[in-house]
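Below is one structure, written out as C-alpha cells; comments come after it.
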Amino acid sequence: MTRKKKTEKKTIPMQIDEVTAPEYVIPLGPFHPALLEGEYFKLKVEGEKVLEVDLKLGYNYRGIMKLAESRSYHQNMYLFERVCGICSAAHTTAYSTTVEMLGGIELPDRARYIRTLIAELERIHSHLLWAGVGMELIGFKTLFMLIWRDREHVLDVLEAISGNRQHYAMNTIGGVRKDIEKEAIPKIEEKLKVLHKATETATKAVLEDGGIRARTKGIGTLDKEIAKQISVVGPVARAAGIKIDVRKDDPYAAYDEIPFDVITANDGDIFSMALVRLGELVESVKISQYCLDKLKTTGGPIQAEVKEIPPGEAVGRVEAPRGELMYYLVSNGTNTPERARVRTPSYLNDYALLFMLPGESLADVPITVASIDPCMACTDRICTVVNQDMRTQKTSTIQELFKNSR
Amino acid sequence: MATLFDYLLIITFYFAAIGLAFFFSWGAAWVFRKLSARLQARKGPPAYQPIADIIKLFGKERFIPRLANKFLYTLSPLVALSAILILSFMIPPGTPFWPGPLAFDLIVILYFSVMFSLAFVIAGWASGSPWGKIGASREVAMILSVELPLAIALLIPSLALARVGSGFSLSITDVIAAQEGIFIWFLPNWFLFHYPLASVALFLALLTKSWMRPFGDIPEAEQEIFAGPLTEYGGPLLGIFELARLFRFYVFTALFVDLYLGGGDGLIFPLNLLVFLVKCLVIVIIMTIIHVASARYRISHAFKWFLTVCLAFAVFSLIRVLVGF
Amino acid sequence: MIDPAIVIIVLYIAAAFCLLGKKIRKGNDVVALLAIGFALLAVVLNYFYLPLWISVPGVFGFAFTINGYTNLIALIATFIGFLVVVYSVKYIEHRGSSYSLFVLLTIGSLIGMAYSWNLFWVFLFAEVATITSTFLIAHHLKSPSFEGGLKYLSIQIFASLFVVVGLGFIYQEALASGYSGIGAFSIDFLLSSGLLTGFIGKFSLFLIFLGFLVKVPSFPIHTWLPDASTVAPASISTLLHAMMIKVAGMPAFLILLLFHSLFVSINFWLVICSLGILTMLICVIIAFAQNDLKRLLAFDSVSQMGYVILGMGIGGLAISFYDITTDPVWLVVAAGGITAGLFHLLNHSLFKSVLFFSAGAIEHETGTRDINQLGGLLQAMPKTGYVMLIGSLAIAGVPLLNGFISKWMVYNACISAGQPVFALIAIFTSALTLAVFLRILCSVFLGNSPGTFEGVHAAPRSMFTPSLLLAIGCILFGVFPQIAILFLILPATTVLLPVAITPPANPLFWVSLDLFLLGTLLIIGLIIGYLLYRIKWGATPSEAEDKTMPFTGGTLKDPYLKVEEARPASTVFSYPFRSLLNGVRRSHTGLVNMYILWFVLFAVLMLSLLIVGWI
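Chains as they are written, first to last, in this note's numbering: chain A, 8 to 413; chain B, 20 to 344; chain C, 32 to 646.
What follows is the structure in C-alpha cells.
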C-alpha cells in the first residue's frame, strides 16, 4: 500500500508519453520468400526491432532414418544421397566412411582423391549458391545472378565427372563408382581457373561494395563464448573465431596429406561468415587442383573389395559445406544397419539464430537466417501434428512416431 | 475563371498527356527490364512484356480478402492511378506551352506525389495483412525521409527564376522557359549546371520515389515483407496498381528533365518532344544502372542518407539561391 | 444588425436559467440550444449588415464593433459553440446544471471577446472565459482533471499579468495625455489619437501580445493546451481547440497588425515567423509520440496554429517593412499572408472539431483513448471512421480538402515574401502531420480489432451529425475555397490591412490554382480506374469471402500461424524518430512550475531583445 503511494507520487501524469513501440508478434514462415524451406520463426517485434525469437522446425520430416533400417547398406547409399540436394556428396561420404570404419575397409588411393575432389567441388557449388542467395536477400539481385552464372561452371564440371548436376552418385562403399578419365582433367582445370577468378570477383565485391558492407557488417553477431556453448559448427563457428574443421581435426578421404588453411574470422557477424565462405572457396579450388594433379600420376583401382559388415558401431564425421556432419551406424551383422543416426550441421547452427536475431531489424532477419545456410531437408527430425478442430497442437518426437508407425 | 472551352481544351490535353506518358512508360519499362536483364547476364523479356503482365492481371478473378476494408481496399488503387495520371498531365513534355501548369504549380505536384504514396499506405493498412502494414509504415517513413530534400530541390529552380530575371513563379513552364539558351561556353543553360548538388538531391529523391534501389524498394522488399503494401492485392486491383506504377517511368523522369535538364530546349514542336523523350530515356537508363548496381539498404540507412547527405546537398544549393553566389 | 450585447446577455441569462433548472436535464438542453441558436442567428444576421438595428442602451458601456474581422471570429465561435452544445446533449451523461451553465458562460464571453474593439473589454471577457472554462476542464471531478484545470488556470493567469501590466502602461500614457476612462483602451481611439508612440507604446503592446500569445498558443508556452484538453470532455476539448485558442489568441495578432507602425523592424516579424515555424515543427514531432488520442490531437492543434502564426507573421512583414500603399506586389503578399493565416484558422476549427468530436465518440463507445488498444473500428463505427478520415486527410493537406488550400496559400505567401525556408519547413511539417494522422487512421480504424470491442456500435446521431456537417464544410471549402475567401476571409483581411484592397479577380491572389479543374481531373482518373476494374476482362468474379485469407503462409484456421496475433501496431511510424523524441520528452517534465519558468525565460528573452532594440 505504502509502496504504491510512493510510485503514484513519483509519476507525473501530464508528461509526454515515452516513445515506445508496442510489442507484437510477426509470423515469419513456414512459407516466406526469404526461407527456401519450411521453418517457422515467431518474431516478437517492437517497431521493426526483433526482441524475441521462437523457432519451430519439422515441416520437412521424411523419416529417412527409419527407412534406413529396412534397407541394405548399398541401398542406403542412394537413400542418404537424397537426404539433402546440395550436400549429397557429403552425406554419402559420411555414410560410406562410417560403413568402411565398421567393415575395416581401406580405400584405394585413386578413390580417395576422387572422393576429395567431388567433396570440394560440392563445397564450391554450395558456397557459391549461398553467396548468391545471400546477395539476393539483401536485395542485390545482380550479384545473385552473376554468382549463380559462375556456379554453372562447377555444375558443368560435376556433370562432366559424374553425369549429374546434383546427386552425383559417385561414392560407394569402399571407393567411388566412376573414374575420371585423363582427357577430362585439362578441361576441369580450365574451369577451375574460371572459378578462381569468379571467387576473386565475388570477394572483391563483398569487400568493397558499400551496400553489402552496410547490410552485413555488425549484423547477426554471434559471440564466441555463446558459439562455443551452443556448439555451432562449420563456417558459423569459424566466423566466430573457433578454429574447427573436421578435415584438419579428424581427416578422412585424402585430407591428411593435402595442405590447406582453415579460414577463420573474429567478428562472428554475417560479413565474416561471408568472408570465411569466400576464403574457403579459394582453398577448395586449391584442394581440387591438388587432387587433379595427384590423379594425373596415381593409378590403381577405384574400389576396394567389400566383405560382410561385422557387428559393431561406428561414428563417421565429415566436414560438409555447412559444417560437421556426423553419421552413427550400428551393425548387427546382417546386410541392413540396426540403427542409423544422422546429425546434420544445420541442426546445431539453427539454434544460433535464437542468439543472433534479437536486437536486429526486421529487414535483417532474412539475411541473418540465411547466413548460417540452413538446410531444413537435412535437419527436420520432429513433426508437429495439429488438430484442426480442437485448435490444439501436439509435438511428436521420433519415438512416438515410431510407436505410431508400428 | 476559365471558360467551358478552356476546360475542354485542358481535358483534351490531359488525355493526350496520358497517352504520351503511357506509351513512353511502356517503352521505358521495357528498356528498364531488358537493360537490367542484360546487365545481370540474362536474356530479358520481349517488348510487349510490361503491358502483357498488366493485361494478364486484368483477366483474373476479382476478390477482396476477408480481413480487408472493402471500400478503402477498392478505392486506394483508383486513387493511386488518378493521382499519377494527374501528375503526368501536370508535368509538361518539355514545352513551356502546356495548359496544365497554368492552373497548378510545383507545390501541387509535390502534394500529388505524396498523395500517390498515400494510396499505397492506405492500401497496405486496408488489406489486413501484417506484411501490408509493415510495408505501409515503411512507405510512410520513406515519404518522411524523402520529403524535405525533394521539396527543396523541387523549388530551387523556381526560386532561382528571380535571379535569372523572370520574376517569382512556381509554375513549371516558367522554369522550362528559363532554361533556353547557353550557360557558359557550349554548356546549355540548364539548372543542372547552375545547381549540380540540388540536381543530385532531386535525382536521388526521384530514384527513391520510383521504387529503384538502393532505397526505393525498401517498402516492398520482396525478401523481407513479401510485396509490402500490395501483399494482399491480386487480379484487376493489382493490375490498376501496376498500371499506376508503370507511369513512374514517365512522371518522375519528366519532372527531373523539366526542372534541371531544360525540357525540350525550346525547339520547335516535333523536335522538342523528341529531345525531351530522349533525355527522359537517358535518365531511365541511368536509374536502371544504379538500380542494378546496388544492394537494398535498410530504412534507417535511408533516413540517415536523405536527412544528412541529400539534405546537405539541397540546403547548400538553397543557400546559394538565397545568398546568390 | 443585432447588438452583440443582446446576444451576450441572452446567453448569460440562459446560463442563469440552467442554474435554476437543476432537476430537469432536458430543460437545460432546451434552454441552452435555444440560447445558442439565437446567438447563431444573430451572428449570421450581423454578417449581412442588415439595416435593422436592435441595440441596448449605452449604460453597459460595451465597446462592440461589427466589422469583417469581428464577424469572422464571432461566427467561428458561435458556430462551433452551437455544435458543441448539440454534441453535448448525448455526450455528457452525468452532469448537473453546472455543465450547461459554464458552457453558455464561456461561449457568451468568447462571443463578447470576438466583438470587442476595446483592449480592456477584450481582456475582461478573456478572463471570464478562462475562469469559466477551467470548471469545464475539471468537469470529471477527478484528480487528473483538477490537475489539468489548475495547470490551465495558473498558466493563463500568469499570462494575464502581462496583459494587465501592458494595459497599465497604456493607461498611464493616456492619463499623461489627459484622457481617462475605459474609452482610452478603444482600439480605434488608440489608432487615431496616436497615443502610443515610441518605446513605451511598443513595450506595452508587446506585453499584451505576449499575454495573448499564451492563448494561441505558441511554442515555448504551448504546454497548457494538451494537458488541459486531455482531461477535459471531448466537447470541451473541441471548445478549447476550435474556439478558445482562436478567439482568445487572435487579439495578439490583431494588435500587432493594427499597430504595425510601431513594429517596423524586419527582425521582429522574422522572430514571429520563426515562432510559427518552431511551433509547428516541434509540436508535430511531439505529437508523434503520443498514445493518447486526444493528446495527440492537442499537440497537433498547437502545430497547426504555427501555420496561422506564420501567415500572420508574413502579412506583418509585408505590411510594416515594405511600402504596400505604393507597391501592389507587396500589398498582395500582405493580403495573402493574412488571408492564408485566417483561412487556416477557419479551416483548423473545422477539421479539428471533426477530429475531436470523433475522438469523443470513440471514447464514448469504447471507453479508451489509447491508440494502441484501439483497432479495427471502421467495421464497428463506419460513419465516424469515414468522417474522421476526411478530417485527417484535410488536416494533413491532401489536395481537394480545405487544409491543402490554406497551407498552399501559406507556402505561397512565404515564397513570394522572399522567405522560402519557412515554406520548406512548413511543407516538411505537413508531411509529418500526414504521418501523424495516418498513424491514427491506420491504427484506430484500419488494422485488426484486438477483439475487445465486440459490442461497439455507431455513435448516436447527435454526436455524429455535427462532425458530418463540419466534414462537408471541409470538402466544400476544399473544392470551392472562393466561397470562404470572398465571403468570410477577405472582409476580415481588409480590416487588418492599413489600405483598402479590392478583391482580386482571382481569390487566391497568385497563379491560379483551379481546384474545380483539379477535382474534375481527379474524378476522371477515378472513373478510368473504376472502368478498368469493372470491365469484364476474363474470369468471372466470385464471392470469395472465406477463401481469401491474408497471405501469411496459410489460412486463419491454422492456429500456429496466429495471424490474429500479428498486429503490427501503429507506433512503427514513430520508430525512426525515437532519439529525437526522447530529447523533447525530457524537456516536457509535466510540472507547471517548469512551464511557467519557460514562459518567464521566453518573455525575458523577448523583452530584452526588444529593449536592446534588435526587434
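Built from N, CA and C at the ideal position, the CB exists for glycine as well.
Please check the pair residue i and residue j, which I expect to be a contact at CB under 8 Å, by giving their CB distance rounded to whole angstroms.
i	j	result
residue 309(B)	residue 226(B)	7 Å
residue 17(B)	residue 210(B)	As displayed, chain B neither begins before 20 nor continues past 344, which places residue 17(B) out of reach and without an answer.
residue 143(A)	residue 311(A)	That belief does not hold up - the Cβ atoms of residue 143(A) and residue 311(A) are roughly 43 Å apart, past 8 Å.
residue 505(C)	residue 432(C)	5 Å
residue 140(B)	residue 158(B)	5 Å
residue 218(C)	residue 324(C)	About 40 Å separates the two Cβ atoms, so there is no contact after all.
With distances taken between CB atoms, is the gap from residue i to residue j smaller than 7 Å?
i	j	result
residue 125(B)	residue 177(B)	yes
residue 472(C)	residue 278(C)	no
residue 237(C)	residue 641(C)	yes
residue 164(A)	residue 377(A)	no
residue 60(A)	residue 364(A)	yes
residue 214(B)	residue 95(B)	no
residue 105(C)	residue 179(C)	no
residue 233(A)	residue 244(A)	no
residue 131(B)	residue 171(B)	no
residue 195(A)	residue 276(A)	no
residue 216(A)	residue 309(A)	no
residue 154(B)	residue 248(B)	yes
residue 341(C)	residue 304(C)	yes
residue 63(C)	residue 108(C)	no
residue 675(C)	residue 197(C)	An answer regarding residue 675(C) cannot be provided, because it is not within the stretch 32 to 646 covered by chain C.
residue 338(A)	residue 316(A)	yes
residue 173(B)	residue 129(B)	yes
residue 337(C)	residue 367(C)	no
residue 651(C)	residue 133(C)	Residue 651(C) lies beyond the range of chain C shown here (32 to 646); nothing can be said about it.
residue 197(B)	residue 333(B)	no
residue 282(B)	residue 295(B)	yes
If you compare alpha carbons, which of the options is closest to residue i?
i	options	result
residue 407(C)	146(B), 127(B), 72(B), 73(B)	146(B)
residue 328(A)	374(A), 292(A), 134(A), 286(A)	134(A)
residue 35(A)	43(A), 44(A), 50(A)	50(A)
residue 253(C)	331(C), 511(C), 637(C)	331(C)
residue 45(B)	264(B), 338(B), 325(B)	264(B)
residue 156(B)	138(B), 110(B), 169(B)	138(B)
residue 58(A)	374(A), 369(A), 379(A)	369(A)
residue 192(B)	62(B), 116(B), 144(B), 81(B)	116(B)
residue 215(C)	223(C), 262(C), 205(C)	205(C)
residue 70(A)	109(A), 352(A), 130(A), 346(A)	346(A)
Segment contact, 8 Å Cβ cut-off, at least three pairs: the segment 282 to 296 of chain C with the segment 334 to 353 of chain C: Short answer: they touch.
The segment 334 to 345 of chain C / the segment 430 to 449 of chain C touching (three or more Cβ pairs under 8 Å): Judged by pairs of C-beta atoms under 8 Å, the segment 334 to 345 of chain C touches the segment 430 to 449 of chain C, as three or more such pairs exist.
Selection of the segment 299 to 324 of chain B by Cβ proximity to chain A, strictly under 8 Å: Flagged, chain order: 311, 312, 313, 314, 315, 316, 317, 318, 319, 320.
Contact residues within the segment 47 to 65 of chain B, judged by C-beta distance below 7 Å to chain A: Flagged, chain order: 58, 59, 60, 61.
Selection of the segment 87 to 104 of chain B by Cβ proximity to chain C, strictly under 9 Å: For the segment 87 to 104 of chain B, which is checked against every Cβ of chain C, the residues closer than 9 Å are 87, 88, 90, 91, 93, 94, 96, 97, 98, 99, 100, 101, 102, 103, 104.
Cβ pair count under 8 Å reaching 3, the segment 349 to 369 of chain A against the segment 225 to 242 of chain A: Yes, the segment 349 to 369 of chain A is in contact with the segment 225 to 242 of chain A.
Members of the segment 230 to 250 of chain B near chain A, C-beta cut-off 8 Å: Residues 232, 233, 236, 237, 240, 241, 242, 243, 244, 245.
Interface positions of the segment 401 to 431 of chain C facing chain B (Cβ-Cβ less than 7 Å), listed along the chain: Against chain B - using a Cβ distance shorter than 7 Å - the residues of the segment 401 to 431 of chain C are 409, 428, 429, 430.
Proximal residues, the segment 121 to 146 of chain B versus chain C, C-beta separation under 9 Å: Answer in chain order: 121, 122, 123, 124, 126, 127, 129, 130, 131, 133, 134, 137, 140, 141, 143, 144, 145, 146.
Cβ contact (3+ pairs, closer than 8 Å) linking the segment 290 to 306 of chain B and the segment 45 to 53 of chain B: Using a Cβ-Cβ distance cut-off of 8 Å, the segment 290 to 306 of chain B and the segment 45 to 53 of chain B are in contact, since at least three pairs of beta carbons, one from each stretch, lie closer than that value.
Cβ-based contacts, 7 Å cut-off: residues of the segment 143 to 158 of chain A near chain B: Within the segment 143 to 158 of chain A, the residues whose Cβ lies closer than 7 Å to some Cβ of chain B are 143, 144, 145, 146, 147, 148, 149, 152, 153, 156, listed in chain order.
Inter-stretch contact (C-beta, 8 Å, three-pair minimum) for the segment 411 to 430 of chain C and the segment 373 to 389 of chain C: Judged by Cβ distances under 8 Å, the segment 411 to 430 of chain C makes contact with the segment 373 to 389 of chain C, as three or more pairs qualify.
Three CB pairs or more closer than 8 Å across the segment 99 to 116 of chain A and the segment 173 to 186 of chain A: Taking a contact to require three or more Cβ pairs closer than 8 Å, the segment 99 to 116 of chain A and the segment 173 to 186 of chain A qualify as touching.
Contact residues within the segment 28 to 47 of chain A, judged by C-beta distance below 7 Å to chain B: Listed by position along the chain: 33, 40, 41.
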